[in-house]
DNA sequence: TTTTATTTAGTACAAGTGTTTTATAAAGAG
DNA sequence: CTCTTTATAAAACACTTGTACTAAATAAAA
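Residue numbers (full-length UniProt numbering), protein chains in the order written: chain H, 1 to 194; chain Y, 1 to 194.
If you want it as structure tokens, here you go:
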């Protein structure tokens with residue numbers, strides 16, 4: 001009957017506008033007015049798609065998560081030897097180019113904000129820990145895991161390396177170059193696989 | 001002539017009030033009014049000690065840095081075998097108890113805020129990278145470093161582990177227990193020392 | 001006690017905030 | 001065309017923010 005708009009697409013557009021604002025000005029810049037302007041909409045129009053700021057926040061955060069997990073699952077489905085598959089997945093999680101650095105940036109901003117907003121519902125889990133547990137499961141099932149390892153310790157170590165690299169790519173992108181990230185990830189995986 | 005107040009002590013008290021607010025409500029709660037109330041002062045009094053919010057911010061951040069580096073240097077001065085000294089220093093950087101977890105929490109809040117406030121002057125350096133370089137220098141000088149290592153790679157790996165652990169202690173303190181932190185740090189150091 | 005530098009409380013204001021209300025425009029249905 | 005539904009815009013509301021300013025209070029020294 002009326003002007004037909006794809007609601008889901010619009011919501012994604014608005015969420016992506018929010019990401020851009022967060023990248024430029026941080027979480028504090030992600031005001032309703034700011035996001036609306038970035039999206040080329042009025043405040044009223046934005047409210048038409050999200051009932052309040054919190055709903056937009058949760059949606060935008062979930063969307064980051066969906067994009068990343070989608071790409072990771074694509075890689076996990078590829079026919080690769082176990083060790084190479086693990087490396088490929090980890091290199092997809094750690095930010096290597098500007099686009100994924102931006103993703104990490106926004107994700108960390110969301111996480112930090114969340115520390116003091118425990119009332120929000122529908123927040124996705126921080127999936128890296130679970131991902132690493134699954135990767136260890138894969139290596140073990142394929143018999144590619146080095147014997148005699150303390151699996152709990154090695155998982156924690158690998159988890160720290162991945163998020164540490166991500167954090168450094170976020171905080172000091174000019175110092176940490178992608179080839180070094182690649183070398184650290186590869187050596188960390190080779191140390192625990194046959 | 002007038003009422004003599006130890007200015008520096010007062011400034012430290014105010015900065016510590018700011019830390020407490022940031023811990024509870026995050027950076028967004030650290031308003032001038034909020035900090036003043038937490039410190040039991042009027043807004044005018046706070047303004048008397050810090051000309052504006054930015055000056056307070058920079059001061060409070062520098063104070064965190066000073067406290068941490070002070071404790072690290074104390075440990076570095078202790079007469080310990082190289083490997084144990086390195087472990088002790090790293091365990092001082094990674095948050096193990098509530099007090100130091102709080103410190104890390106505040107530090108990350110400051111850093112995240114800083115990403116979008118490049119105009120601020122007098123911000124201290126993120127000293128962990130330099131500290132790790134120095135620790136490698138100590139190990140090498142003492143001949144405690146395992147031969148044949150790619151030092152640049154190992155430094156980056158250790159740096160990632162330390163900040164990854166710190167990040168996890170910050171984001172998911174309930175999951176990551178101190179004994180695991182200790183084990184990860186110890187095994188990481190033992191892997192590169194004789 | 002007077003002087004003088006310091007300290008505080010209170011108020012004011014412009015800018016910015018999330019949210020709500022009201023009005024308007026667009027697009028198909030009858 | 002008119003009418004109804006959807007979509008957007010604009011303005012208003014109630015509140016918080018950083019900053020500025022004033023007047024009062026305080027306490028040590030002369």
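We put the CB at the ideal spot given by N, CA and C, even for glycine.
Top-ranked residue by Cα proximity to residue 190 of chain Y, from Y/58, Y/6 and Y/84: It is Y/84 whose Cα lies nearest to the Cα of residue 190 of chain Y.
- [ ] Give the DSSP bridge partners of residue 145 of chain H, in chain order.
- [x] Per DSSP, H/193.
Buried or exposed (CB count within 10 angstroms, at least 16 for buried), residue 44 of chain H | With fewer than 16 other Cβ atoms within 10 Å, it is exposed.
* What is the rounded straight-line gap between the Cα of residue 185 of chain H and the Cα of residue 32 of chain Y? -> When rounded, the separation of the alpha-carbon atoms in residue 185 of chain H and residue 32 of chain Y is 44 Å.
(request) Output yes if chain Y places a C-beta closer than 7 Å to the C-beta of residue 160 of chain H; else output no. (result) Residue 160 of chain H belongs to the set of residues whose beta carbon lies under 7 Å from a beta carbon in chain Y.
Q. When burial is assigned at 16 or more other CB atoms within 10 Å of the CB, is residue 197 of chain H buried or exposed?
A. No statement about residue 197 of chain H is possible, as the shown extent of chain H runs from 1 to 194 and does not include it.
Using DSSP with H/G/I as helix, E/B as strand and the rest coil, what is residue 4 of chain H? In this structure, residue 4 of chain H counts as coil in the three-state DSSP scheme.
| Taking the Cβ atom as the reference point for each residue, do residue 20 of chain H and residue 38 of chain H lie within a distance shorter than 7 Å? | In this structure, residue 20 of chain H places its C-beta atom within 7 Å of the C-beta atom of residue 38 of chain H.
Taking a contact to mean a Cβ-Cβ separation below 7 Å, would you say residue 49 of chain Y touches residue 10 of chain Y in this structure? Contact flag set, yes.
- Message: Let me confirm a value: residue 68 of chain Y is counted as buried when at least 16 other C-beta atoms fall within 10 Å, else exposed. Which label applies?
- Response: Residue 68 of chain Y should be labelled buried.
Measure the CB-CB distance between residue 161 of chain Y and residue 160 of chain H and report whether it falls below 7 Å. Between residue 161 of chain Y and residue 160 of chain H, the gap from beta carbon to beta carbon is short of 7 Å.
Within 7 Å (strictly less), CB to CB, does residue 96 of chain H reach chain Y? No, because no Cβ of chain Y sits closer than 7 Å to the Cβ of residue 96 of chain H.
- Closest by C-alpha distance to residue 73 of chain Y, when choosing among Y/131, Y/122 and Y/62: With distances taken between Cα atoms, residue 73 of chain Y lies closest to Y/131.
Practice item. Return the Cβ separation of residue 89 of chain H and residue 135 of chain H in integer angstroms, given the expectation that the two are a contact with Cβ distance under 8 Å. Key: That belief holds up - the Cβ atoms of residue 89 of chain H and residue 135 of chain H are roughly 6 Å apart, short of 8 Å.
Here's a check: name, in chain order, each residue in its chain whose Cβ is nearer than 8 Å to the Cβ of residue 142 of chain H, leaving out the five neighbours to either side. Within the same chain, residue 142 of chain H has close Cβ partners 82.
_Nearest-angstrom Cα separation, counted from residue 107 of chain H out to residue 15 of chain H_ = Each residue's Cα considered, the two are about 13 Å apart.
inquiry  = On the CB-based measure, 16 or more other CB atoms within 10 Å of its CB, does residue 252 of chain Y come out buried or exposed?
reply    = Past the edges of chain Y, shown from 1 to 194, lies residue 252 of chain Y, and the structure says nothing about it.
From residue 57 of chain Y to residue 138 of chain H, what does the alpha carbon distance come to, in whole angstroms?
One alpha carbon belongs to residue 57 of chain Y, the other to residue 138 of chain H, and they sit about 47 Å apart.
Can you look up residue 18 of chain H in the DSSP assignment and give me helix, strand or coil?
The answer is helix: DSSP assigns residue 18 of chain H an H, G or I state.
Open item on the list: Just to confirm before moving on: does the CB-CB distance between residue 87 of chain Y and residue 146 of chain Y stay below 7 Å?
Closed with: Contact: no.
Residues of chain Y with CB closer than 7 Å to the CB of residue 163 of chain H, please, in chain order. Going along chain Y in sequence order, the residues near residue 163 of chain H (Cβ under 7 Å) are 164, 167 and 168.
Item to check | Close Cβ partners of residue 34 of chain H (< 7 Å) along its chain, the five nearest in sequence each way excluded | outcome: Counting only Cβ-Cβ distances below 7 Å, and skipping sequence neighbours, we find 21.
> Quick one: is residue 179 of chain Y buried, meaning 16 or more other Cβ sit within 10 Å of its Cβ, or exposed?
Replying inline: With fewer than 16 other Cβ atoms within 10 Å, it is exposed.
Check whether residue 23 of chain H and residue 105 of chain H have beta carbons under 7 Å apart:
In this structure, residue 23 of chain H lies near residue 105 of chain H, with their beta-carbon atoms less than 7 Å apart.
- In angstroms with no decimal places, state the Cα-to-Cα distance between residue 120 of chain H and residue 111 of chain H. In a straight line, the C-alpha of residue 120 of chain H is about 12 Å away from that of residue 111 of chain H.
ask   = Would you say residue 184 of chain H reaches chain Y, if we count a Cβ-Cβ gap shorter than 7 Å as a contact?
value = Residue 184 of chain H counts as touching chain Y.
Boundaries (first-last residue) of the alpha helix (DSSP H) holding residue 171 of chain H:
151 to 171 is the span of the alpha helix (DSSP H), which, as asked, contains residue 171 of chain H.
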